[in-house]
Structures are given as C-alpha cells and as structure tokens.
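Structure first, then comments.
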Amino acid sequence: MSVLAKAAYFWRSAASGLRHAPFIHFVAVTTIAIAIFSAGLAQATGRMVEALIGSLGGEVQVTVYLSPELDEEGAAVLRERMVALSGGKAYLVPPRAALERLATELGDLGEALAQLPENPLPPSLELEVPPERRTPGALKILAQQLRALPGVTGVDYGEEAVERLSAISKALRYGGWVAFAVVLIATVVIVSATLQLAIYARRGEIEIQKLVGATDRFVKAPFLIEGFLQGLLGAGVALAGLVAFERFAGPGLASLFSFLVGPGGMVPLLEPRIALELLAAGCALGLGGSFIAVGRFLRV
1 MSVLAKAAYF WRSAASGLRH APFIHFVAVT TIAIAIFSAG LAQATGRMVE ALIGSLGGEV
61 QVTVYLSPEL DEEGAAVLRE RMVALSGGKA YLVPPRAALE RLATELGDLG EALAQLPENP
121 LPPSLELEVP PERRTPGALK ILAQQLRALP GVTGVDYGEE AVERLSAISK ALRYGGWVAF
181 AVVLIATVVI VSATLQLAIY ARRGEIEIQK LVGATDRFVK APFLIEGFLQ GLLGAGVALA
241 GLVAFERFAG PGLASLFSFL VGPGGMVPLL EPRIALELLA AGCALGLGGS FIAVGRFLRV
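Residues in the sequence shown are numbered consecutively from 1, following the UniProt record's numbering.
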C-alpha cells in the first residue's frame, strides 16, 4: 500500500470513528473546548493584570527630602548625582511649590495651611526611576544609596505598596500556572478515557487487522488522528466562544473595569498569534490524550 493510500485510509478510518461514536467524541471535544476557552480567558486576564501592574509601576516615584540648609547650587549638584545613580530624571521641588501642591490636593482643607507661621515642608527632589529599576530589590538598593548622600534627610518611594504590588503579580502568575497544569492534566485524562471507550468499541476491527499482519503503527495511526481532530474541533469551538464572549460581554466588562484600566485599557481576548497558539494547544491536547489511550489499551 502506497503512502498516499495509507494516509487516505487513516483519515477515512478516523472520520468513521468519529461518526460511529458521536457521544464519546462529543464529550472529548467539549472537554477540550472548555479547557482552551478557560486558557484563553486566563491568558487575557494575565495580560490585563500585567498591563495594569505596568501602568501602576510607571507611577513609581522616589521622593528625596533635602536638608533645609542646602542652597540651590548644592541641590543642583545633588540632583546630578541622583540622576547618575538612578539613570532616570530628577526634578527639584522648592518648599513653596510643595506647600502649594499639598494645599491643592487637600481641597477645601488646604486653606488651613495658609494659617501656618512658616512652611514646614523641606525642599525635595522627585526622581523618576527607569522601568528596569522599579523592582522592590532595585528600589531598596537605590534608596540606600540615596540616603548615604550628603544633604539627604529622607527617601520615600512607597516601599510597602511596591512590595505588595510585586507580591500580587507573582501570586497571580504562579496561581495561573498551577491552575493551567491542573486543567491540562484533567483534560488529558478525560480525553484519553473517552478514546479508550472508542477503541474498545472497535476491538473486533483491531483484532482482524492484527490477524492479517497490520503493524503497531498502522493500528494506532487512525486513533491518533481521531485525537488530533478532537483537539482541532475543540479548539475551534473554544475560539468561537471567545469571539462571542468578547463581542457580547466585552463592552460591559470594559465599562465595569474602566476605573482600573482606563477607557482603552481592555486587552483583546484574541489576537492572530494567540489564536494560533490556542489552536495548537487544542491539537496537542487531543494528540496527547489519544497517545495515552492507545498506549494503555493497545498492548501491541
């Protein structure tokens, strides 16, 4: 039998298997579709969280409080040293400007600041840190270096908030991987179990093939193709579900979370690259389940 004839036979046999046991394969396709749909939602959520963390991280600002005795020339020299240390940008905030900003932020309560006998705020330098140095460890080291400079009385960068934000990001990332592993294992187990039922239903055909001299690979190939088709169908259903979800539920979610991500901050569920990845993942799940099924059932 030629290679093309074998390939045609394998695909016909796989298609016949799907037709003869529709319910069994429906369960497998539905399981894969749920897994891929969940993976697509989780991936979009993770990208949205990363974007949110990036936007919040962009607001990380180091405030360096200077000694009141420091003159403008000394503050300028200190500013240059801070820029060299951090690789970012620094802006001098005089005490009067800092007091006016505080009064604006307090609103109606800011009028009480006008009754103060003198300005209690020291001069300060606001330092914008580059993105690569916004991690908790890098910011802590930078703060220690800045505190060691002469003329610096204090450094504030919201240490607790930065560390908490980083911890949330790590927890979401690790939790996503654990959840993905659990769903992956459960999907492969269910798919392999359903395919074992399909193989059992065709045990008579398999015995005849072995009796006439069919090789191991010849017997297994149609079932592997069945698993591939299951994965392909399941991924297709999942992609259609993601498109429908984004179309009908996306606008409502965008308005609900606009206060966090902004009016245009919602991450699209499907991009061409992500759609191809999910499609490949579905085919891999189907193939993996079928490979396990034929390996456990067909002791050939």
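Backbone N, C-alpha and C fix where the C-beta goes; we use that ideal spot for every residue, glycine too.
Would you kindly work out how many angstroms separate the C-alpha atoms of residue i and residue j, rounded to a whole number?
{"i": "P123", "j": "E160", "result": "24 Å"}
{"i": "V300", "j": "I208", "result": "In this prediction, V300 scores a pLDDT of 45, lower than 50, which makes its location untrustworthy; no coordinate-derived value is stated."}
{"i": "H20", "j": "R134", "result": "59 Å"}
{"i": "V212", "j": "I206", "result": "10 Å"}
{"i": "R217", "j": "G40", "result": "34 Å"}
{"i": "V129", "j": "S86", "result": "6 Å"}
{"i": "K170", "j": "R47", "result": "13 Å"}
{"i": "A7", "j": "G204", "result": "22 Å"}
{"i": "D71", "j": "G88", "result": "23 Å"}
{"i": "L239", "j": "A5", "result": "33 Å"}
{"i": "I274", "j": "E132", "result": "26 Å"}
{"i": "L278", "j": "G234", "result": "10 Å"}
{"i": "S16", "j": "T215", "result": "20 Å"}
{"i": "P22", "j": "W177", "result": "33 Å"}
{"i": "A201", "j": "I24", "result": "11 Å"}
{"i": "P272", "j": "I168", "result": "29 Å"}
{"i": "L18", "j": "A138", "result": "57 Å"}
{"i": "I185", "j": "T31", "result": "12 Å"}
{"i": "T104", "j": "A97", "result": "11 Å"}
{"i": "G295", "j": "F26", "result": "22 Å"}
{"i": "A143", "j": "L276", "result": "45 Å"}
{"i": "V219", "j": "I199", "result": "10 Å"}
{"i": "K140", "j": "R147", "result": "11 Å"}
Throw me the rounded Cβ distance for the residue i and residue j pair, which I believe falls under 8 Å.
{"i": "Q196", "j": "A293", "result": "5 Å"}
{"i": "V62", "j": "V155", "result": "7 Å"}
{"i": "L232", "j": "G282", "result": "6 Å"}
{"i": "Y174", "j": "E126", "result": "With a Cβ gap of about 34 Å, Y174 and E126 do not count as contacting."}
{"i": "V183", "j": "A280", "result": "Between A280 and V183 the Cβ distance is about 16 Å, and since that is not below 8 Å, they are no contact."}
{"i": "F180", "j": "A42", "result": "7 Å"}
Just verifying my parser: in three-state terms, what is the DSSP assignment at residue i?
{"i": "G154", "result": "strand"}
{"i": "V300", "result": "The predicted position of V300 is uncertain, since its pLDDT is 45 and thus under 50; a value taken from the coordinates is nonetheless stated next. Correct three-state label for V300: coil."}
{"i": "F291", "result": "helix"}
{"i": "L41", "result": "helix"}
{"i": "E271", "result": "coil"}
{"i": "T135", "result": "coil"}
{"i": "V212", "result": "coil"}
{"i": "E128", "result": "strand"}
{"i": "L92", "result": "strand"}
{"i": "L66", "result": "strand"}
If you drop the 5 nearest sequence neighbours on each side, which residues of the same chain put their C-beta closer than 7 Å to that of residue i?
{"i": "P95", "result": "N119, L121, P122 and P123"}
{"i": "A11", "result": "In the sequence as presented, Ala is not what sits at residue 11; that position holds Trp. The residues are I225."}
{"i": "V188", "result": "L285, G288, G289 and I292"}
{"i": "V243", "result": "L270"}
{"i": "L149", "result": "L78 and R81"}
Does the ligand MG have even one heavy atom less than 8 Å from the beta-carbon of residue i?
{"i": "V129", "result": "The ligand MG is not part of this structure, which contains no ligands at all."}
Here's a check: name, in chain order, each residue in its chain whose Cβ is nearer than 6 Å to the Cβ of residue i, leaving out the five neighbours to either side.
{"i": "A28", "result": "V191, T194 and Q230"}
{"i": "K210", "result": "none"}
{"i": "A84", "result": "none"}
{"i": "V237", "result": "A33"}
{"i": "Y65", "result": "P122, S124, T153 and G154"}
{"i": "P222", "result": "F10, S13 and A14"}
{"i": "A76", "result": "none"}
{"i": "G241", "result": "F37"}
{"i": "L78", "result": "G151"}
{"i": "F228", "result": "C283, G286 and L287"}
{"i": "Q145", "result": "L85"}
{"i": "P68", "result": "P122"}
Within the same chain, show all residues whose beta-carbon is closer than 8 Å to that of residue i, passing over the 5 residues directly before and after it, in chain order.
{"i": "G74", "result": "G151"}
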